[in-house]
Each structure stands twice: as C-alpha cells, then as structure tokens.
Amino acid sequence: MQPVQTHLHAGNGNRFARNVPGRRLGRRCVAALVFAPMLPAAESAVNAHVYVASTHWTAARSFLGRWEAISRMPNPDGLARPSKDALAAGRKFLRQAEAGRIAAPAPYIDEDGEFGFRWTSATGLASVSFMPDGNLVAYIYSEDDGLPPLEVDDRITANTSFNDLIARINNLS
Amino acid sequence: MPTPVVWVGPAENPALCPGPLAAVRDNEVIARLLHENTLEPASSRFMRKEIFSVGLTSIDNQCGTKDGASVDRCDNLSDDEVMRRSQAQAERRPGRKAEGAYFATAGGVRQLRLPGQPDAQIFRVYDDARLVEDEFGPINREHAVVRGDDALSRPQQSGALALIISLFIPERPSQNSQLNLPLAR
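These protein sequence lines map, in sequence, to chains A and B. The first sequence runs 48 to 220 under this note's numbering. The second sequence runs 2 to 186 under this note's numbering.
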C-alpha cells in the first residue's frame, strides 16, 4: 500500500532530478516540471519549505505539527486554518493509526481549512478528512475485504472512535 | 454556442467554447499547474470546493472563466511554456511559489470510477479557451476545467479526490497509458 503522492518529495527526489527539463530535449509538455529542492524533513518548521516523501509516520506527524503552528499564527493570506479541535482530533487519529500498524498516509491540507490523510493501493483507497464544519469525512475501500465502501460523515466529538476506520484501512494491501 | 446550465450536464464533445483546439480529446495530456502557499507545502492538488462546486450559489459557465479545477492542455505547449505558466499563475497572488505541474490524460480522468459504480463517470474535462485578456487572466487557448459530479456525497468526493490526485503524476504519461485503470471497473 502506498500513500497518495503529494507534490512533496525528498525521499524520492532523485526521481525528479532525473527528469528535469532539458534532459529530454524535444519532448513536449514533459516531465517533472516540479521544482523540488532536496531538503531534509524538519519537525514543526513553519517558515521553511519541508519536502518529505510522506511515507513515514514521522513525516505525517511533522505535517500535523506544522499545521498546529500555522493555526496559531496571524493570517495574512486570508486562507482558512484548521480549528484547534480539528487538529486535536487529527493528532488523536494519527496516534491511533500509527499504533494500529497501518501504512503511513500522505497528509494534505487545503485553503478552506480542511486537512486529512490519504492512502491508495492497486486494489483500494482511503481518505480520512477533518472538515472545517467539525465533521469527520472518510471513504475507505479495499477489493480484498469484499466489503462495500465505508462512508463516514459524522460530527467529531470527544467520544469519536477511529477504530473502525483504522481496521478498514488496514485491509488495504 | 451551447453553454452548460448545470455543473456536469453538458457533453464533453463537441466543444463548448470557440478556439482552435475544439473539445478535449481522451488522449490529450492535461497539466495541473502547481503552486504552494509559502507557509504550507502540503496543499492538496485539487480542492473539494473547486472541483465539486461546493458552496457555489451560481455557476460561471462563461468561456475562459468557467468554474472548476483549471488545467492546461499540453499538446501544443513546450516545457518552458508550462513552466512559465506555473510561475505566472503563482505570481497572481502574493505569498505563493510556483511548483511546476503534474500531468494526466483527459481520458484517464474521465475513466475514473468509484468502486461499485462502473457506469457513473465522476469527472468531466471541458474545453474552456480564454480568448481575451481580462481580470481573470491572460489569453489562454489551452485552458480547460475538470468538474466532478456534484451529486456525490462528501465521503464519495473524498474517494474521488484520492483517485484523481493519484492519477496526476509529475511526469508526462504516454497518451494511452492511463486508460483501463485498476479501480475503473
């Protein structure tokens, strides 16, 4: 099982280095038009660009740390930030998921303040999102377990359990 | 010129807008230009609200400014042109940095399906040539938009986003390489 690729790559950054424009002269609209400096991952680095492969739990935790730091900052760009409660729920989910020994996810965040984690494999996919309206939204499917897709759109409370989600994600091969 | 009145109502062929490129063919490579907020490099490559019309009270169907997730049709663009587009787009708002582009075929996008729904196309790719420069941007004959089925539930939207994000890759796919996807059944 592999996490969905983000556009952040350090661990596999050499892949991009092989494909920089100019290495394949004459090819159109090519290849690896990704400016990806090869920087090491950093914990809670707010103002530095952090490029990580997102294939390790340390990377996922690092992103969450960044978002927690950013959410405490002034908001000069006018973009929404995740709420403190949503980030706390995300931290709890990550902790339980890591303890559940599933593959590390690819974290993501968007301009509305939604953030979450994604996985894909050849036979399945999973997405767990923490929404600006306080809900947990999830979609999990694996061909291997013979179950229909799990769809969740529920309010996050102190009693929210992630056990079912983690068990289903664990079925992705 | 027919114009769509609903989010994913019209057919993707014939073309919806005037311009030299006509409708987006399945074997065309399309590029999602990337930029990052300078504070946050993990930005999702497709946003729920732009691709699924979340929160829209009206739909812009004007050629060149259609709502949806913008992509560029690559067949007539050189590498340098795609690079320049990425930088120009990033510079339109402060605090953004160009990241280049990711690629997919239009046919690959159109073939994506949620599990158990083999007949339900999720994403449409509409031509959207911008033939005049205005406050929305410069002339862009290669502009197109991707729209996702707005009838999907939020969990289904999440699944669809995971699919399309994993389809776009940092290297140009061969024109037929993304057809017959594993989950497209």
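In this text, a Cβ means the ideal position worked out from N, Cα and C, and glycines have one as well.
Measuring alpha carbon to alpha carbon, tell me which of Ala107/A, Thr167/A, Asn122/A ends up nearest Arg215/A.
What you label residue 215/A is simply residue 168 of the first sequence in a count that begins at 1. With distances taken between Cα atoms, Arg215/A lies closest to Thr167/A.
For the region 110-134 of chain A, which residues have a CB atom closer than 8 Å to at least one CB atom of chain B, in sequence order?
When CB distances to chain B are screened at a threshold of 8 Å, the residues of the region 110-134 of chain A falling below it are Phe110, Arg113, Trp114, Ile117, Met120, Pro123, Asp124, Leu126, in chain order.
Own chain residues within Cβ distance below 8 Å of Glu82/B, not counting five before or after
Numbered from its first residue, the second sequence carries residue 82/B at position 81. Beyond the five residues adjoining it in sequence on each side, Glu82/B comes within less than 8 Å, by CB distance, of no other residue in the same chain.
Check whether the Cβ atoms of Asp128/B and Ala16/B lie closer than 8 Å to each other.
Indexing the second sequence from 1 puts residue 128/B at position 127. Indexing the second sequence from 1 puts residue 16/B at position 15. Against a cut-off of 8 Å, the Cβ pair of Ala16/B and Asp128/B comes out as a contact.
Comparing the C-beta of Pro156/B with each C-beta of chain A, is any distance below 8 Å?
By one-based count along the second sequence, residue 156/B stands at place 155. Interface flag for Pro156/B against chain A is set, since a Cβ pair is found closer than 8 Å.
Chain A residues whose Cβ lies nearer than 7 Å to that of Pro116/B
Reading the second sequence from its first residue, position 115 is the one you call residue 116/B. Contacts between Pro116/B and chain A, judged by CB atoms closer than 7 Å, involve Tyr188, Pro196 in chain order.
Output the distance between the C-alpha atoms of Arg131/B and Val72/B, rounded to the nearest integer angstrom.
As a position in the second sequence, residue 131/B is number 130, starting the count at 1. As a position in the second sequence, residue 72/B is number 71, starting the count at 1. The straight-line gap separating the alpha-carbon atoms of Arg131/B and Val72/B is approximately 12 Å.
Residues that DSSP places opposite Pro154/A in a beta bridge
Counting from 1 along the first sequence, the entry for residue 154/A is found at position 107. According to DSSP, which records beta bridges pairwise, Pro154/A is partnered with Phe164/A.
Could you tell me which of Phe140/A, Pro121/A, Trp104/A, Phe110/A sits nearest to Asp211/A, measuring between CA atoms?
Here residue 211/A refers to the residue found at position 164 when the first sequence is read from its first residue. For the set Phe140/A, Pro121/A, Trp104/A, Phe110/A, the Cα lying nearest the Cα of Asp211/A is the one of Phe140/A.
Using a Cβ cut-off of 7 Å, pull out every chain B residue sitting near Thr167/A, in sequence order please.
On the first sequence, residue 167/A is found 120 positions in, with the first residue counted as 1. Against chain B, the beta carbon of Thr167/A has neighbours under 7 Å at Ala163, Ser167, listed in chain order.
Express the C-alpha separation of Glu29/B and Glu172/B in angstroms, rounding to a whole number.
Residue mapping note: residue 172/B aligns to position 171 of the second sequence, counting from 1. Residue mapping note: residue 29/B aligns to position 28 of the second sequence, counting from 1. One alpha carbon belongs to Glu172/B, the other to Glu29/B, and they sit about 14 Å apart.
Contact criterion: CB-CB distance below 8 Å. Does Ser54/B meet it with respect to chain A?
Numbered from its first residue, the second sequence carries residue 54/B at position 53. Interface flag for Ser54/B against chain A is unset, since no Cβ pair is found closer than 8 Å.
Find out if the Cβ-Cβ distance for the pair Glu161/A, Gln157/B is shorter than 8 Å.
Stepping through the first sequence from its first residue, residue 161/A is reached at position 114. Stepping through the second sequence from its first residue, residue 157/B is reached at position 156. Between Glu161/A and Gln157/B, the C-beta gap is not smaller than 8 Å, which leaves the two residues out of contact.
Just curious, the beta strand (DSSP E) that Glu198/A is in, first and last residue?
As a position in the first sequence, residue 198/A is number 151, starting the count at 1. Residues 197-202.
Have a look at the DSSP bridge pairing and note the partners of Val126/B.
For the purposes of this step, residue 126/B is taken as residue 125 along the second sequence, with counting starting at 1. For Val126/B, which the question treats as bridged, DSSP gives the partners Val147/B.
Apply the 10 Å Cβ neighbour rule to Asn62/B and answer buried if 16 or more other Cβ atoms are within range, or exposed otherwise.
Working through the second sequence from its first residue, we reach residue 62/B at position 61. Asn62/B counts as buried, since no fewer than 16 other beta carbons sit within 10 angstroms of its beta carbon.
Just to confirm my understanding: we take Ala99/B, look at its own chain, exclude 5 residues before and 5 after, and list those with CB closer than 6 Å. What are they?
As a working mapping, residue 99/B is identified with position 98 in the second sequence. The residues are His36, Ser87, Gln88, Ala91.
Thr106/B, buried or exposed, once every other Cβ within 10 Å from all chains shown has been counted against 16
Here the question's residue 106/B lines up with position 105 in the second sequence. Answer is buried; the Cβ neighbour count reaches 16.
Distance cutoff 8 Å, beta carbons only. Does Gly20/B sit that close to anything in chain E?
Protein chains A and B are contained in the structure displayed, whereas chain E is not.
Looking at chain B, is there any beta carbon in it that lies within less than 8 Å of the beta carbon of Ala185/A?
Here residue 185/A corresponds to residue number 138 of the first sequence, with the count starting at 1. Answer yes: the Cβ-Cβ gap between Ala185/A and chain B drops below 8 Å somewhere.
Does DSSP put Arg46/B in a helix, in a strand, or in coil?
Taking the second sequence and counting its residues from 1, the one referred to as residue 46/B is at position 45. In this structure, Arg46/B counts as coil in the three-state DSSP scheme.
Would you mind stating whether Asp132/A and Ser45/B have Cβ atoms separated by less than 8 Å?
Numbered from its first residue, the first sequence carries residue 132/A at position 85. Numbered from its first residue, the second sequence carries residue 45/B at position 44. No, they are not a contact pair.
Is there a C-beta anywhere in chain A that falls below 8 Å from the one on Gly108/B?
Counting from one through the second sequence, the residue named residue 108/B turns up at place 107. Any Cβ of chain A closer than 8 Å to the Cβ of Gly108/B would place that residue at the interface, and such an atom is absent.
Using a 10 Å radius around the Cβ and a threshold of 16 neighbouring Cβ atoms, would you call Arg94/B buried or exposed?
Here the question's residue 94/B lines up with position 93 in the second sequence. Exposed, since its Cβ has fewer than 16 Cβ neighbours within 10 Å.
Using a Cβ-Cβ distance cut-off of 8 Å, determine whether Pro152/A contacts chain B.
For the purposes of this step, residue 152/A is taken as residue 105 along the first sequence, with counting starting at 1. Not a single C-beta of chain B is nearer than 8 Å to the C-beta of Pro152/A.
Does chain B have any CB closer than 8 Å to the CB of Glu161/A?
Mapped onto the first sequence, residue 161/A falls at position 114. Glu161/A belongs to the set of residues whose beta carbon lies under 8 Å from a beta carbon in chain B.
Quickly, what does DSSP pair Ala173/A with across the bridge? List them, please.
Position 126 of the first sequence, counted from the start, is the residue given in the question as residue 173/A. Per DSSP, the beta-bridge partners of Ala173/A are Trp166/A, Ile187/A.
Can you give me the C-alpha to C-alpha distance between Gly108/B and Ala173/A, rounded to a whole angstrom?
Numbered from 1 along the second sequence, position 107 holds the residue referred to as residue 108/B. Numbered from 1 along the first sequence, position 126 holds the residue referred to as residue 173/A. Taking the straight line from one Cα to the other gives about 23 Å.
Looking at Arg74/B and Ile31/B, is the spacing between their C-beta atoms short of 8 Å?
On the second sequence, position 30 is the one that residue 31/B refers to. On the second sequence, position 73 is the one that residue 74/B refers to. Note that the C-beta distance between Ile31/B and Arg74/B is below 8 Å.
How would you call Asp191/A, buried or exposed, if buried means at least 16 neighbouring beta carbons within 10 angstroms?
Stepping through the first sequence from its first residue, residue 191/A is reached at position 144. So Asp191/A counts as exposed.
Whose CA, out of Tyr155/A, Glu145/A, Leu126/A, Met120/A, lies closest to the CA of Phe110/A?
Position 63 of the first sequence, counted from the first residue, corresponds to residue 110/A. Closest option to Phe110/A, Cα to Cα, is Tyr155/A.
Nearest to Val184/A (by Cα), restricted to the options Glu145/A, Asn218/A, Ala136/A
Translated into the one-based positions of the first sequence, residue 184/A becomes position 137. Looking at the Cα atoms, Ala136/A is the closest of the given residues.
Interface residues of chain B around Asp200/A at Cβ under 8 Å?
As a working note, residue 200/A is residue 153 in the first sequence. Under the 8 Å cutoff, chain B gives Ser154, Arg155, Pro156.
Assumed close pair Asp159/A, Asn182/A - CB separation to whole angstroms, cut-off 8 Å
As a position in the first sequence, residue 159/A is number 112, starting the count at 1. As a position in the first sequence, residue 182/A is number 135, starting the count at 1. Not really, about 13 Å apart at Cβ, beyond 8 Å.
Using only CA atoms, which one of Gly112/A, Ala127/A, Trp104/A, Leu194/A lies nearest to Gln31/A?
Look at the range of chain A in this structure, 48 to 220, and you will see that residue 31/A is not part of it.
As assigned by DSSP and simplified to three states, the class of Val81/A
As a working mapping, residue 81/A is identified with position 34 in the first sequence. Annotation note: pLDDT 43 at Val81/A (below 50); position unreliable, no value reported.
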